[in-house]
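Respectively, the protein sequence lines represent chains G and X. Numbering (the working numbering) for the first sequence: 1 to 399. Numbering (the working numbering) for the second sequence: 400 to 696. Glycine included, each C-beta is placed from N, C-alpha and C at the ideal position. Since the model is a prediction, treat every value here as computed from it, not as a measurement. Written below as structure tokens is the structure these notes are about.
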Amino acid sequence: MPFPKRPAAPAVLCALAATTVLLASAGCTSNEPQPSADRGDGGRAKGGITVSASDDTCAVSATSAKSGTLVFEVTNDGSKVTEFYLYRADGTAIAGEVENIGPGLTRRLVVRAQPGTYTTACKPGMSGEGIRARFTVTGSGTANAGADQRLLDQAAGRYRAYVTGEVGKLLGGTKQFVTAYKAGEYDRARELYAPVRAHWERIEPVAESFGDLDPKMDLREADLAEGQTWTGWHLLEKDLWWPAGAPASKRLTDPERAKYADQLLADTRDLHARVATLKYQPDQMANGAKELLDEVATGKVTGEEEIWSHTDLYDFQANVEGARVAFDSLRPVVNTKDPALGRVIEQRFTALQKDLDRYRRGDGFVSYTDLSKAQVKRLSDSVNALAEPLSRLTAAVLV
Amino acid sequence: MLANYLIGLREGLEASLVVVILVAYLVRSDRRRLVPRIWAGVAVAVGVSLAFGALLTFGPRGLSFEAQEAIGGSLSILAVGFVTWMVFWMARSARGLSSELRGQIDRAAGGGRTSLVVVAMLAVGREGLETALFLWAATQAATRTAQGATSTVAPLAGAALGIVTAVIVGYLIYRGALRLNLSKFFTWTGAFLILVAAGVVAYGVHDLQEARILPGLNNLAFDVSDTIAPTSWLGTLLKGTLNFSPATTWLEAGVWVAYVVPVMFLFLRQIRRNNRPSTAAAPSVPASPASPASSAS
Chain G
1 MPFPKRPAAP AVLCALAATT VLLASAGCTS NEPQPSADRG DGGRAKGGIT
51 VSASDDTCAV SATSAKSGTL VFEVTNDGSK VTEFYLYRAD GTAIAGEVEN
101 IGPGLTRRLV VRAQPGTYTT ACKPGMSGEG IRARFTVTGS GTANAGADQR
151 LLDQAAGRYR AYVTGEVGKL LGGTKQFVTA YKAGEYDRAR ELYAPVRAHW
201 ERIEPVAESF GDLDPKMDLR EADLAEGQTW TGWHLLEKDL WWPAGAPASK
251 RLTDPERAKY ADQLLADTRD LHARVATLKY QPDQMANGAK ELLDEVATGK
301 VTGEEEIWSH TDLYDFQANV EGARVAFDSL RPVVNTKDPA LGRVIEQRFT
351 ALQKDLDRYR RGDGFVSYTD LSKAQVKRLS DSVNALAEPL SRLTAAVLV
Chain X
400 MLANYLIGLR EGLEASLVVV ILVAYLVRSD RRRLVPRIWA GVAVAVGVSL
450 AFGALLTFGP RGLSFEAQEA IGGSLSILAV GFVTWMVFWM ARSARGLSSE
500 LRGQIDRAAG GGRTSLVVVA MLAVGREGLE TALFLWAATQ AATRTAQGAT
550 STVAPLAGAA LGIVTAVIVG YLIYRGALRL NLSKFFTWTG AFLILVAAGV
600 VAYGVHDLQE ARILPGLNNL AFDVSDTIAP TSWLGTLLKG TLNFSPATTW
650 LEAGVWVAYV VPVMFLFLRQ IRRNNRPSTA AAPSVPASPA SPASSAS
């Protein structure tokens, strides 16, 4: 048993002194808040972001702030004890939290935040997922100085060029697709469907960052909420690959086809315009690569994404390519920080691509329904083997 | 009011249990003169906590989230080290008590004397910073009322009442502990303290997971938050006494078991030895520094 018979008083004093030093230096952050761009606090805080947490709401006074020290003044206006969390982009790692905010109290959360996307959450009753909202931290970040910063900027530039290129091709392809579809050239439309969507799938995390556009464009029928109108790619997919046995009366009419096709094109134009204004942060790119792999694991490898057309492998390939480009853009940074991790990711990408290449047919891929259970399992294993080291990419790039 | 009361009760219980058992032990073993050391430790912890809390709330600099969790987590684990030491120290001296060789007691307590302050300080100081931050926030709420805002002094009063209740509960446990016979006292309080310490170490691990020093924050072993809400009475008592968390990660659960099983085993073995006939125990007492339990240290 490692318990001291005589407690070493000097050791204890050292520990306490170390704690004090920690308090005095690295562990401290300024209470002076950074001015945030679009703050609309009700005059309650001295200058931070205010959060009003009730038993069923979580009103954050700003949706974005500049990187650096952020101060959240969290007031519990409800009757239950609450907690406030700031999660990093993946929605699970905690960037900061305050617990035990009793009714009527205001507690302060001080965090040093790097640029990127975050999620805020109030947890009335101190349990569950909480009431969540997206929060963006803008700016160039402060922790990466000198050469690192230059590499990071170059990485962001490369990725930006890629996304801009892809969204341009997506718009061009969608125009062709919509034209063929509206003209009743359904064979042509079916031919275009998967290759055009590949441009969307390659940049999915970017497209998904626009919370209003993504559900309008890429919602699956299975994910449709009660009372929600179904629009976008998968609605047209179902129409094009109308399931045998489904009542023909439920099929879209020609005016409806024109309406939804025009809607899709309009939304794509909107996406194209908005993407042009985006700037990318290294953590967004690294997390984006991981998100793409997660997309593969949850949708494509299971055949749920393209339930009517069974073109899941096209999406699979596009997701992997998008992740690969994000990773390749960051590669010079990874090489200086964690070359071993870079090599592992590289190797797993190659292995996954090799597995996927087995199912190529002509310019495209076999139907998802042609895969045996063992083949799906094998693909899934390859995806998981890549996802694990890829999940460490963000930390490797930023820390 | 009730919600704030429960917070005060929970934090108060966490702090008072160890102190109460320590005081009861000193009184039972006729070392009442050492009790002021414990109060000194408590006073230091309260003072330091309040000072830091005030500094972090009103001062120019706040504590970053990671640092707060890292300090909380490390202090918890340090506290467990001391409480474990204390449990065995008490069990070992109990052997002296049972064979009525009082001359040995003070020698056994010699090592404990300096550290009693530290044990009391850690027991209270561990939750002190969090509680102090809460209290200062409540003070601010009360001040705002004076300036015409909507809040009232209810949060502060609620938390204070909760702490008072915790002290009363602690006192009742103390009275109960005094009434137990000695061997029962050592067995029960020792076993209880081991469970408390296991909870503290698991909680410390959770803090370090939140600070991302340890992994696995989202791998839950079980989640009974729906049945035992953390803000309910039951949740408060379980958390305040055993540091039970309704949503426990695998790492926390693993650490809890890894602590309880060997420590409880060694403790019960020590207690069983103490309860052997005094003829067997007496000859070995002079050699007590080299007895099995201490030689293992």
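Residue burial classification, Glu465 of chain X (beta-carbon count within 10 angstroms, cutoff 16): buried
What first and last residue would you give for the alpha helix (DSSP H) that runs through Ala225 of chain G? Segment: none, Ala225 of chain G is in no alpha helix (DSSP H) and carries neither H nor E.
Who are the Cβ neighbours of Leu22 of chain G in its own chain at under 6 Å, not counting the five residues just before and after it? Any answer about Leu22 of chain G is weak, because its pLDDT of 46 lies below 50 and its placement is not dependable; what the coordinates show is given next. Here the set comprises nothing.
In the structure shown, what three-state DSSP assignment does Arg107 of chain G receive? strand
Taking beta-carbon pairs under 8 Å, can you tell me which members of the segment 59–85 of chain G lie near chain X? Val71, Ser79, Lys80 and Val81
Measuring alpha carbon to alpha carbon, tell me which residue in X:Ala657, X:Leu477, X:Val419 and X:Ser492 is nearest Arg672 of chain X. X:Ser492
Any Cβ of chain X within less than 7 Å of the Cβ of Pro33 of chain G? Model confidence at Pro33 of chain G stands at a pLDDT of 43, short of 50, so the residue's coordinates are unreliable; what they give is reported in the following sentence. It does not; no Cβ of chain X falls within 7 Å.
Within-7 Å CB hit, Leu192 of chain G to chain X: no
Alpha-carbon to alpha-carbon, Thr117 of chain G and Ser209 of chain G: 9 Å
Can you check DSSP and say which residues form a bridge with Phe349 of chain G? In DSSP, Phe349 of chain G forms no bridge with anything.
At 7 Å on the CB atoms, spell out the chain B contacts of Pro554 of chain X, in chain order. Chain labels in this structure do not include chain B; the protein chains are G and X.
Taking Cβ positions, are Asp606 of chain X and Gly472 of chain X nearer each other than 7 Å? yes
Kindly say whether Ser127 of chain G, judged by its beta-carbon, lies nearer than 7 Å to any beta-carbon of chain X. yes
Just by C-beta distance, which residues in the segment 203–233 of chain G are closer than 9 Å to chain X? none
Beta-carbon contacts of Gly603 of chain X that lie in its chain and below 6 Å, excluding the five residues immediately before and after: Gly472, Ser475 and Ile476
Enumerate in chain order the residues of its own chain whose CB-to-CB distance from Asp77 of chain G is below 6 Å, with the five nearest sequence positions on each side excluded. Ser52 and Ser54
For the segment 664–676 of chain X, which residues have a CB atom closer than 9 Å to at least one CB atom of chain G, in sequence order? Leu665
Arg401 of chain G (DSSP reduced to helix, strand or coil): The structure shown does not extend to residue 401 of chain G, since chain G spans only 1 to 399, so no value can be given for it.
Of the listed residues X:Leu571, X:Ile612 and X:Leu641, nearest to Ala590 of chain X (C-alpha basis): X:Leu641
Trp241 of chain G and Ser329 of chain G: beta carbons closer than 7 Å? no
Run down chain X in chain order and give the residues with a C-beta less than 8 Å from the C-beta of Thr92 of chain G. Leu616 and Asn617
By the three-class DSSP mapping on this structure, what secondary structure does Arg188 of chain G have? helix
Beta carbon of Ala536 of chain X nearer than 7 Å to that of Arg107 of chain G: yes
The beta strand (DSSP E) spanning Asp622 of chain X covers which residue range? Leu619 to Asp622
Short Cβ contact (7 Å threshold) for Ile406 of chain X with Asn100 of chain G: yes
With 7 Å set as the bound, which would you pick, yes or no: does the beta-carbon of Gly48 of chain G sit closer than that to a beta-carbon of chain X? no
For the candidate residues G:Val163, G:Arg134 and G:Gln263, whose alpha-carbon lies nearest to that of Val60 of chain G? G:Arg134
6 Å Cβ shell around Val623 of chain X - same chain, five flanking residues per side excluded: Pro645
Buried or exposed: Gln608 of chain X, going by 16 or more other Cβ atoms within 10 Å of its Cβ? buried
Examine the Cβ distances between the segment 114–133 of chain G and the segment 551–562 of chain X and report whether three or more of them are shorter than 8 Å. no
C-alpha gap between Ala540 of chain X and Thr75 of chain G, whole angstroms: 10 Å
Nearest neighbour of Ala89 of chain G, chosen from G:His199, G:Val206, G:Ser79 and G:Ala194 [CA to CA]: G:Val206
DSSP on Lys279 of chain G, reduced to helix/strand/coil? coil
In its own chain, which residues sit with a C-beta less than 8 Å from the C-beta of Thr456 of chain X, not counting the 5 before and 5 after it? Leu532, Trp535, Ala536 and Gln539
Exposed or buried, what is Gly639 of chain X when buried is set at 16 or more other beta-carbons lying within 10 Å of its beta-carbon? buried
Helix, strand or coil: which one does DSSP assign to Leu252 of chain G? coil
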